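Asks:
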Amino acid sequence: MTPQSWIEQYGPRESMEYDVVVVGGGPAGLSAAIRLKQRAAEQGVELAVCVLEKGSEIGAHIVSGAVMDPRALDELIPQWRERGAPLTVPVVEDRFLFLSRTGTLKTPNWALPENFKNHGNYVVSLGNVTRWLGQQAEALGVEIFPGFAAAEVLYDERGAVRGVATGTLGVGKDGQPTEHFQLGMALHAKYTLFCEGARGHLGRQLQERFGLREGVDPQVYGIGIKELWEVEPARHKPGLVIHTAGWPLDAKTYGGSFLYHLDNHQVAVGFVVGLGYENPYLSPFEEFQRYKTHPAIRAFLEGGKRVSYGARAITAGGLMSLPKLTFAGGALVGDEAGFLNASRIKGSHAAIKTGMLAAEAAFEALQAGRAHDNLLAYPQAFERSWLHEELYRARNFKQWMSKGLYVGSPMVFIEQKLLGGRVPWTLHHRHADHERLKPASQCQPIAYPKPDGKLTFDRLSSVFISNTNHEENQPAHLTLKDASVPVRINLHEYAGPESRYCPAAVYEFVREEGGGERLVINAQNCVHCKSCDIKDPTQNIVWVTPEGGGGPNYPNM
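Numbering (UniProt numbering), first residue to last: 1 to 557.
So this is what it looks like as structure tokens:
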């Protein structure tokens, strides 16, 4: 049944009124909420602000490398050091390695472009930084509602956004209400800021409804897969930052790795594969496992213990793929719009900065007595900001690297190192990621080694340590427009790529007694990475919001 059908049968919904509703309790959303409350305190006015977070707690769904540039945090909370922000491990050394199957070529530090230099940055758990931001927001009076997923955008009679509604609870797999049935709540606001992260469920709807992507390049993505390890003390160097390119990916497939040394003998190791890859037999998860067997990487991990696992799509299109940011009644903020700087492998500083810019625009509009209009001051402020300048310099990075390692690397060196990003040309993305997958008949299968359970692992044991959980008796949040397409097209033409691009063993083709095959969707395994919604070659899979609180529960990713 549709939300409207439930309302007609059980309604009306309860509602709450706010000045600003923020959808998403990540760095972008929390920074926006903090800035709104800061401005209200400066002006001595009351401002009702709430944050909805679909994770069971703030930070539960946050997974990132991460090396954090504190520039935006310096602007948001200048006293962050005195207030105990968990940025305690400064970067002490950068290494960039080109890997062959067994060899390593280290780039001299003098040859590193500025985007790969991290002096002044910090190795962090972004989940812990986000929890700290949540504490700062609550101290200012922001109402935070973890475990409540925004499932529907609400519009007024003019078509402007007037808030969101949380998901209806207690609906069984059969679509019928259970004894725990409860209508979602409507949260009305003068302005609604959408900060759901990459490929946000509601953000995607808004981009289509308001034509926000007209005239801009397609957005392109990467899938980032990460493990957190406790390593032997002798192998640990707090503040060491390592990035690699090359093996195990072939030269024409965009991707690379990170290995960051935190404190407490912990190392974050991860792998990013551009979702524009062509070979349907490629498995980003298996490539990551294979990467850890390289002598330069296993040297840090052997004898250690893997303690957590996660995965998340990241936006990689950069400046040329940004949609229009505003519409009547709201705005797209942070990775919801695609502000991540792929050349630096950093997005948290951009999320914080755009959260502040959107908040400033919303506050000024409210003070002027305006509601539900277009916050044009937000994109105008972005165009004047240091963030725009940073993204402009890096605007061609992903386009060059998509041409292959041997073309992209020297061109990035020329643009970024020799010319400082100030070039007269601009490259464009021509195709969405799902359009780039080739039929299986045109590609070679890839034989991946079996996991050893010590250095390399399978998907199910990985999902287990992500603490992923969903209420089992609920409709699947991974939906198919046409149930026949996975077998009829995806399996027969593309060898069933959903069984490989998903890093959580959600999609599985099983043989039936009659000899045919069918797709089984293990939705309870989903870590909310959104890869299926992005890479499905027929765009038949649509990720929708499950019951709030479901999904991974990352402790410090």
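Note that the Cβ used here is the ideal one computed from N, Cα and C, for glycine as well.
Since the model is a prediction, treat every value here as computed from it, not as a measurement.
In whole angstroms, give me the CA-to-CA distance for Val-506 and Gln-182.
Replies: The count along the sequence shown starts at 1 and reaches residue 506 at position 506. The count along the sequence shown starts at 1 and reaches residue 182 at position 182. Spanning the two alpha carbons is a distance of roughly 28 Å.
Asks: For my contact list, Tyr-191 and Val-20 are in at a C-beta cut-off of 8 Å; report their separation, rounded to the angstrom.
Replies: As a first step, residue 191 is located in the sequence shown; it is residue number 191 there, counting from the start. As a first step, residue 20 is located in the sequence shown; it is residue number 20 there, counting from the start. Between Val-20 and Tyr-191 the Cβ distance is about 5 Å, and since that is below 8 Å, they are a contact.
Asks: Less than 8 Å between the CB atoms is what I'm expecting for Leu-282 and Ile-446, so what's the real figure, rounded?
Replies: As a position in the sequence shown, residue 282 is number 282, starting the count at 1. As a position in the sequence shown, residue 446 is number 446, starting the count at 1. With a Cβ gap of about 6 Å, Leu-282 and Ile-446 count as contacting.
Asks: Comparing C-alpha positions only, which one of Val-231, Trp-80 and Ala-495 sits nearest to Cys-443?
Replies: Within the sequence shown, the letter at position 443 stands for residue 443. The option with the nearest alpha carbon to Cys-443 is Ala-495.
Asks: List the whole-angstrom C-beta distance separating Thr-166 from Leu-52, where the pair is believed to meet the contact cut-off of C-beta under 8 Å.
Replies: Taking the sequence shown and counting its residues from 1, one reaches residue 166 at position 166. Taking the sequence shown and counting its residues from 1, one reaches residue 52 at position 52. Between Leu-52 and Thr-166 the Cβ distance is about 7 Å, and since that is below 8 Å, they are a contact.
Asks: For Arg-306, which residues does DSSP report across the bridge?
Replies: Here the question's residue 306 lines up with position 306 in the sequence shown. BP columns for Arg-306 point to Trp-229.
Asks: In or out: Leu-228 buried (at least 16 other Cβ within 10 Å) or exposed?
Replies: Taking the sequence shown and counting its residues from 1, one reaches residue 228 at position 228. The residue in question, Leu-228, is buried, as its Cβ has 16 or more Cβ neighbours within 10 Å.
Asks: Taking the alpha-carbon positions, what's the residue 600 to Gln-289 distance?
Replies: Missing from the structure shown is residue 600; the chain here goes from 1 to 557 and no further.
Asks: Looking only at its chain, what residues have a beta carbon closer than 7 Å to the beta carbon of Tyr-155, apart from the 5 residues adjacent to it on each side?
Replies: Mapped onto the sequence shown, residue 155 falls at position 155. For Tyr-155, where only same-chain residues beyond five positions count, the Cβ hits under 7 Å are Val-161 and Arg-162.
Asks: For Ala-394, count the other beta carbons within 10 Å of its own beta carbon; 16 or more makes it buried, fewer makes it exposed. Which is it?
Replies: What you label residue 394 is simply residue 394 of the sequence shown in a count that begins at 1. It is buried - the Cβ of Ala-394 has at least 16 other Cβ atoms within 10 Å.
Asks: Please classify Glu-287: does DSSP put it in a helix, a strand, or coil?
Replies: By 1-based counting over the sequence shown, the position of residue 287 is 287. Here Glu-287 sits in helix by DSSP.
Asks: Closer than 8 Å by C-beta to Ala-41: which residues in its own chain qualify, once you throw out the five before and the five after it? Chain order, please.
Replies: Sequence index remark: in the sequence shown, residue 41 carries index 41 (1-based). Answer for Ala-41: Leu-140, listed in chain order.
Asks: Starting from the Cα of Ala-137, find the closest Cα among Ala-32, His-349 and Leu-112 and give me that residue.
Replies: Taking the sequence shown and counting its residues from 1, one reaches residue 137 at position 137. Checking every option, the nearest Cα to that of Ala-137 belongs to Ala-32.
Asks: Where does His-61 fall in DSSP's three states?
Replies: Counting from one through the sequence shown, the residue named residue 61 turns up at place 61. Coil at His-61, not helix or strand.
Asks: Could you check the C-alpha separation between Gly-197 and Phe-98 for me, to the nearest Å?
Replies: By 1-based counting over the sequence shown, the position of residue 197 is 197. By 1-based counting over the sequence shown, the position of residue 98 is 98. Each residue's alpha carbon lies about 30 Å from the other.
Asks: Measuring only the C-alpha atoms, how far is Ala-342 from Val-49?
Replies: Taking the first residue of the sequence shown as position 1, residue 342 is located at position 342. Taking the first residue of the sequence shown as position 1, residue 49 is located at position 49. When rounded, the distance between both Cα atoms is 31 Å.
Asks: If you count every other CB in all the chains shown that lies within 10 Å of the CB of Lys-535, and 16 or more means buried, which is it?
Replies: Locating residue 535 in the sequence shown gives position 535, where the first residue counts as 1. Lys-535 should be labelled buried.
Asks: Please tell me whether Lys-346 and Asp-74 are closer than 9 Å, where the distance is taken between their beta carbons.
Replies: As a working note, residue 346 is residue 346 in the sequence shown. As a working note, residue 74 is residue 74 in the sequence shown. Result no, Cβ atoms of Lys-346 and Asp-74 do not sit closer than 9 Å.
Asks: For Val-307, which residues in the same chain have their Cβ closer than 6 Å to its Cβ, ignoring the five residues on either side in sequence?
Replies: For the purposes of this step, residue 307 is identified with residue 307 of the sequence shown, where counting begins at 1. Answer for Val-307: Leu-228 and Glu-230, listed in chain order.
Asks: Look at the Cβ atom of Trp-247, then the Cβ atom of His-180, and state whether they are nearer than 9 Å.
Replies: Position 247 of the sequence shown holds residue 247. Position 180 of the sequence shown holds residue 180. For Trp-247 and His-180, no; Cβs fall outside 9 Å.
Asks: Let's test the definition: count the other Cβ atoms within 10 Å of the Cβ of Gln-219 and tell me whether it reaches 16, buried, or not, exposed.
Replies: Position 219 of the sequence shown holds residue 219. By the 10 Å Cβ count, Gln-219 comes out buried.
Asks: Can you tell me whether Tyr-406 is buried or exposed, with buried defined as 16 or more other CB within 10 angstroms of its CB?
Replies: Your numbering for residue 406 matches position 406 in the sequence shown. Under this definition Tyr-406 is an exposed residue.
Asks: Straight-line CA distance for Pro-146 to Asn-556?
Replies: Translated into the one-based positions of the sequence shown, residue 146 becomes position 146. Translated into the one-based positions of the sequence shown, residue 556 becomes position 556. Answer to the nearest angstrom: the Cα atoms are 17 Å apart.
Asks: Tell me, to the nearest whole angstrom, how far the beta carbon of Lys-54 is from that of Ala-149; I am working on the premise that it is less than 8 Å.
Replies: The sequence position of residue 54 within the sequence shown is 54, counting from 1. The sequence position of residue 149 within the sequence shown is 149, counting from 1. Rounded, the Cβ-Cβ distance is 4 Å, consistent with contact.
Asks: Within a Cβ cutoff of 6 Å, which residues of the same chain sit near Asp-458, ignoring the five residues on either side of it in sequence?
Replies: Start at 1 with the first residue of the sequence shown, and residue 458 comes out as number 458. Result list for Asp-458: Pro-451, in chain order.
Asks: What are the boundary residues of the alpha helix (DSSP H) that includes Pro-146?
Replies: Walking along the sequence shown from the start, residue 146 turns up at place 146. Premise fails: Pro-146 lies in the beta strand (DSSP E), 143-146, not in any alpha helix (DSSP H).
Asks: Can you give me the Cβ contacts of Asp-433 inside the same chain, cut-off strictly under 7 Å, excluding the 5 residues immediately before and after it?
Replies: In the sequence shown, residue 433 corresponds to position 433, counting from 1. Same-chain partners within the cutoff: Val-220, Tyr-221, Leu-275, Gly-276, Ile-534 and Lys-535.
Asks: Using alpha carbons as the reference points, say which of Tyr-501, Val-63, Lys-438 and Tyr-392 lies closest to Glu-287.
Replies: Taking the first residue of the sequence shown as position 1, residue 287 is located at position 287. Among Tyr-501, Val-63, Lys-438 and Tyr-392, the Cα nearest to that of Glu-287 is on Tyr-501.
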